[in-house]
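Notes follow the structure.
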Amino acid sequence: MTVIDHPLRARPKRRPLRDPFLLLPLLVLLAVAVMAISAPWLFPGDPLDMVAMPYLWPLDDPAFPLGTDSLGRDLTAGLFHGARATLLVGISSAALCLGFGTLIGAAAGYLGGRTDLILMRVTEIFQTMPTMLLVIVLLAISDPSLTLIVVAIGLASWPMVARLARAEFITLRHRDFVLAARALGYGPFRIVFIEILPNALPTLIVATSVLIANGILIESAVSFLNLGDANTVTWGSLIGAGRTQIRTEWYLSAIPGIAIILTVLAVNFLGDRLTRILNPRLRA
Amino acid sequence: MKRRDLLAGLAGLPLTALLPRIALAAGGGGTVTAVAATETPVLLAFVNTSSTIWSAKTTEGLLEFDHDLTPRPLLAAEWDVAEDGLTYTFRLRQGVKWHDGNDFTADDVTFSLETMKRLHPRNRSTFAHITAFEAPDPHTVILRLEKPTPFLLTALSSGESPIVPKHLYAEDADPLTHPNNTAPIGTGPYVFKEWVRGSHLIFDRNPNYWDADLPRVDRLVVRFITDAAARTIAFETGDVDIGVRTPVPFRDLEGLEDLEHIVLEPQGYTYSPPNITIVEANLRDPILSDLRVRQAIAHSIDREALAKIVFYGRATPSASAVVPYHKDFHLADPSPYALDLGAAKALLAEAGHPDGVTLTLDYTSEDQRLVGEFLRASLSRAGIALELRGQDMGTLIARIYGDQAYQLHLASISNLFDPQVGVQRLYWSKNIIKGVAFSNGTGYQNPEVDALLEAAATSTDRAARIEAWHEVQRIVARDVPNFPLVAPTWLTIANTRIEGHTSGAEGAYDGSLRRLAVRA
Numbered sequence: 018m019t020v021i022d023h024p025l026r027a028r029p030k031r032r033p034l035r036d037p038f039l040l041l042p043l044l045v046l047l048a049v050a051v052m053a054i055s056a057p058w059l060f061p062g063d064p065l066d067m068v069a070m071p072y073l074w075p076l077d078d079p080a081f082p083l084g085t086d087s088l089g090r091d092l093t094a095g096l097f098h099g100a101r102a103t104l105l106v107g108i109s110s111a112a113l114c115l116g117f118g119t120l121i122g123a124a125a126g127y128l129g130g131r132t133d134l135i136l137m138r139v140t141e142i143f144q145t146m147p148t149m150l151l152v153i154v155l156l157a158i159s160d161p162s163l164t165l166i167v168v169a170i171g172l173a174s175w176p177m178v179a180r181l182a183r184a185e186f187i188t189l190r191h192r193d194f195v196l197a198a199r200a201l202g203y204g205p206f207r208i209v210f211i212e213i214l215p216n217a218l219p220t221l222i223v224a225t226s227v228l229i230a231n232g233i234l235i236e237s238a239v240s241f242l243n244l245g246d247a248n249t250v251t252w253g254s255l256i257g258a259g260r261t262q263i264r265t266e267w268y269l270s271a272i273p274g275i276a277i278i279l280t281v282l283a284v285n286f287l288g289d290r291l292t293r294i295l296n297p298r299l300r301a
Numbered sequence: 020m021k022r023r024d025l026l027a028g029l030a031g032l033p034l035t036a037l038l039p040r041i042a043l044a045a046g047g048g049g050t051v052t053a054v055a056a057t058e059t060p061v062l063l064a065f066v067n068t069s070s071t072i073w074s075a076k077t078t079e080g081l082l083e084f085d086h087d088l089t090p091r092p093l094l095a096a097e098w099d100v101a102e103d104g105l106t107y108t109f110r111l112r113q114g115v116k117w118h119d120g121n122d123f124t125a126d127d128v129t130f131s132l133e134t135m136k137r138l139h140p141r142n143r144s145t146f147a148h149i150t151a152f153e154a155p156d157p158h159t160v161i162l163r164l165e166k167p168t169p170f171l172l173t174a175l176s177s178g179e180s181p182i183v184p185k186h187l188y189a190e191d192a193d194p195l196t197h198p199n200n201t202a203p204i205g206t207g208p209y210v211f212k213e214w215v216r217g218s219h220l221i222f223d224r225n226p227n228y229w230d231a232d233l234p235r236v237d238r239l240v241v242r243f244i245t246d247a248a249a250r251t252i253a254f255e256t257g258d259v260d261i262g263v264r265t266p267v268p269f270r271d272l273e274g275l276e277d278l279e280h281i282v283l284e285p286q287g288y289t290y291s292p293p294n295i296t297i298v299e300a301n302l303r304d305p306i307l308s309d310l311r312v313r314q315a316i317a318h319s320i321d322r323e324a325l326a327k328i329v330f331y332g333r334a335t336p337s338a339s340a341v342v343p344y345h346k347d348f349h350l351a352d353p354s355p356y357a358l359d360l361g362a363a364k365a366l367l368a369e370a371g372h373p374d375g376v377t378l379t380l381d382y383t384s385e386d387q388r389l390v391g392e393f394l395r396a397s398l399s400r401a402g403i404a405l406e407l408r409g410q411d412m413g414t415l416i417a418r419i420y421g422d423q424a425y426q427l428h429l430a431s432i433s434n435l436f437d438p439q440v441g442v443q444r445l446y447w448s449k450n451i452i453k454g455v456a457f458s459n460g461t462g463y464q465n466p467e468v469d470a471l472l473e474a475a476a477t478s479t480d481r482a483a484r485i486e487a488w489h490e491v492q493r494i495v496a497r498d499v500p501n502f503p504l505v506a507p508t509w510l511t512i513a514n515t516r517i518e519g520h521t522s523g524a525e526g527a528y529d530g531s532l533r534r535l536a537v538r539a
């Protein structure tokens, strides 16, 4: 019956937390989350305010452990507040993609026929557009704000999820448990959301980790290019602001750069390990 | 044996007296490489004023200018201005040839000036009072005016009023799209050779230049390097020899200054002085139409700190939109609203904003973002929250000058060679023109200011003009439709192996670089 190939309810037999490639990413992400949550308490002022001498090097002044930038803004405060924006953009753009993409993919995969044809052609139109370019265009023609960046990234990256969801739904809709549900007279909404979706979720969850990493990278690139919201600190904007001083005060770009690398790597590793844990075929 | 040794040996011979001359005529030769951050749309400033930087290298004007803006002969050998300022007579230089071998004549001059009166964004108004362009013989041009235009001679530089060959422009040719814009034929010291977009420009020495001793370099190459830090490195390694208008981040100037092979040349910016960095208030906005709010903003700006922190001390604070480079016209008085956060808060409260206000500040480009961030931090101390809104130039112009839907606008306004040409547009009520960029965007109207500006525009008495301009600056400083901040320093960065790049008011930017040479 259905319960047997229902991976979410099957417990992995190994102890995954012993795996350093799972444990370390989790720790990194936990640290970033703590930074994001604690920022308003640890650094209550505006992180963009000028608070000290410009160009204090890291460890020069214990009050500003990561130093200050050209206007005398505290890099530590910037990094902590930046974690908020960076995580927010990563997670909300991924959530937006996931929601929208799954909806389209599910409709196409489950209903098939003409609906499938139309929805997939629309998806392909979006797929042929380079993600970064689409985001830049969307931001250039309107006022950049964090919400808009999230929407732009979401709008540019949902096709991947839609295609994945469609593939999953096409394979699952002819399975016995779906036929049984149909035979029992369940409506299409119940079948799609209660019966099929949970079975398609593992694939989609793994895809989400890629989307989060992707969202963080796109946001950073956009902020670096000065197209982001000038009123919010993000890690990308910190790198962009430090860029002209990279030969003298390299720490201004290096520190937020390392933060981005670690976070994106952590999300990717996590996704990779989740695939192994959630996919029964890869489990020994 | 090196050439230098050869010359030293020759110095002992009786020919000595002739030698320097020979060495110069031989030109020293060599190639000079200039650097530019961006490419201009075209290479000729005939009807496109955003393309001045390389224009004078191929295409000359009637006059050039000393560091104090005294006119000197270029294509005009002599000139005479009538006492009443209504007739200008120019005797043109003889024996001048266009790059294509044709003779340069008075018809070329009248054609160029007349066309600019129709199509040049600024000369349209500079030449507005010229009623006749006459060429009585091939080497004489007479201009007749209905009213005096005191800055007319100054406008006749190569960069502002280039003289183009009439024979290339057929009767119905559109000067805006003419091929001469991108492959200019002029009378200048350098002949256009090639333009590879995104990469480089090449100009070769004009062998038939009317001044037989010049130019002294064989080739002028322009390299386009978009990244600011990469430009600094190019100067350090000697890959490029010259760049104008401070082509590197201000942060890197100190390091460059210490290098033996680099000079920072502050001269050569009196013709086109540095822009004024300025915040403009939209006087149509319900919050900003209140004088007290604008006074509060003025009270919370620290120009000295801005110059020191954002520009590393390489900017001149100026409370007037007429930059200090215009020594006579600039009014050096400080703003009547000195830095005083207490006064700012009191004024805000009085204007009905006891809890402060939130205002948007529109800007474009990365340099301005840093100024905006400085202002946001400064103004926040007086309870004024600034929301920065960055955008590309097109969007900005549409928003500020088209829709007029903004509160504060951070701009960089060029002063040019006379405040009448550069600054008047900010305050003259007739310059409130929807859709015209960098005009009177604030919507400021003051009949007194209008009258003073109009009187100064047609007066031949320089002292009276200066007094009128001082009075204008006093009035607008009180009314604060805008907040002039600083004039960032423009420096020409040059390798010591070259010389002669800054020989007058026009410097290497507006000037022709005809005296440029590689040191022997």
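Chains as they are written, first to last, in the numbering used here: chain A, 18 to 301; chain B, 20 to 539.
Every residue, glycine too, gets a C-beta built ideally from N, C-alpha and C.
Just how far apart, CA to CA, sit residue 383 of chain A and residue 151 of chain A? The structure shown does not extend to residue 383 of chain A, since chain A is modelled only from 18 through 301, so no value can be given for it.
Can you look up residue 60 of chain A in the DSSP assignment and give me helix, strand or coil?
coil
Open item on the list: Does the CB of residue 247 of chain B have a neighbour CB from chain A at under 9 angstroms?
Closed with: yes
Exercise for review: Give the DSSP bridge partners of residue 514 of chain B, in chain order.
Suggested key: B:281
| What are the residues that DSSP puts in a beta bridge with residue 505 of chain B? | B:296, B:336
Which same chain residues, not among the five before or five after residue 475 of chain B, have their C-beta less than 7 angstroms away from its C-beta?
439, 484, 487, 488
Secondary structure at residue 42 of chain B, three-state DSSP: helix, strand or coil? Unreliable positioning characterises residue 42 of chain B in this predicted model, as indicated by a pLDDT of 42, which lies under 50. A coordinate reading is not provided.
Notebook entry, point to check: Which stretch, first to last residue, makes up the alpha helix (DSSP H) that contains residue 93 of chain A?
Noted result: 92-128
Quiz prompt | Residue-level contact to chain B via CB, residue 292 of chain A, 9 angstroms cutoff | solution = no
Query - Residue-level contact to chain B via CB, residue 67 of chain A, 9 angstroms cutoff - result: yes
* Asked: Given that residue 160 of chain A touches chain B, what residues does it touch there, using C-beta distances under 8 angstroms?
  -> 408, 410
Q. Beta strand (DSSP E) containing residue 379 of chain B: first to last residue?
A. 376-382
* Listed from N- to C-terminal order along the chain, which residues in the segment 88-109 of chain A have their beta-carbon within a distance smaller than 9 angstroms of any beta-carbon of chain B? -> 88, 89, 90
request  = Taking only beta carbons into account, state which residues of the segment 245-262 of chain A come closer than 9 angstroms to chain B, listed in chain order.
outcome  = 245, 246, 247, 248, 257, 258, 260, 261, 262
Worksheet item: Which of the three DSSP states, helix, strand or coil, is assigned to residue 88 of chain B?
Response: coil
Please report whether the beta-carbon of residue 85 of chain A lies at a distance below 9 angstroms from any beta-carbon of chain B. no
Residue range of the unbroken beta strand (DSSP E) whose run includes residue 288 of chain B: No beta strand (DSSP E) holds residue 288 of chain B; DSSP gives it neither H nor E.
Open item on the list: Does any residue of chain B have a CB that is nearer than 9 angstroms to the CB of residue 63 of chain A?
Closed with: yes
With the cut-off set at 9 angstroms, would you say residue 235 of chain A and residue 149 of chain A are in Cβ contact?
yes
query: Which chain A residues sit within Cβ distance under 9 angstroms of residue 393 of chain B?
result: 67, 88
(message) Taking only three categories from DSSP, how would you classify residue 268 of chain A?
(response) helix
| message | So, with DSSP's three-state summary, where would you put residue 118 of chain B? | response | coil
Find the residues of chain B that neighbour residue 264 of chain A, judging by a C-beta separation of less than 7 angstroms, and give them in chain order. 248
- prompt: Is the number of C-beta pairs between the segment 238-245 of chain A and the segment 184-202 of chain A that are closer than 8 angstroms three or more?
  reply: no
- request: Say whether chain B places a C-beta atom closer than 9 angstroms to the C-beta of residue 71 of chain A.
  value: yes
Length of the line joining the Cα atoms of residue 143 of chain A and residue 173 of chain A
7 angstroms
Whole-angstrom C-beta distance between residue 125 of chain A and residue 183 of chain A, which should lie under 8 angstroms:
5 angstroms
*asked:* Beta-carbon within less than 7 angstroms of residue 83 of chain A's beta-carbon, same chain only, minus the 5 sequence neighbours each way: which residues are those?
replied: 75, 92, 93, 96, 272
Straight-line Cα distance separating residue 136 of chain A from residue 291 of chain B: 58 angstroms
Taking buried to mean at least 16 other C-beta atoms within 10 Å of its own C-beta, is residue 89 of chain B buried or exposed?
exposed
Using the C-alpha atoms, what's the distance from residue 63 of chain A back to residue 86 of chain A? 15 angstroms
Contact set between residue 243 of chain A and chain B, taken where Cβ atoms lie within less than 9 angstroms: 384, 385, 388, 409
Quick test of the definition: if touching needs 3 or more C-beta pairs under 8 angstroms, does the segment 322-333 of chain B touch the segment 369-381 of chain B?
no
Quiz item: If you measure from the beta carbon of residue 431 of chain B to each beta carbon in chain A, is any gap under 9 angstroms?
Solution: no
**Request:** With a 10 Å radius around its C-beta and 16 neighbouring C-beta atoms as the bar for buried, classify residue 497 of chain B as buried or exposed.
**Result:** exposed
(request) Would you check if the segment 275-283 of chain B and the segment 91-101 of chain B touch, i.e. whether three or more CB-CB distances between them fall below 8 angstroms? (result) no
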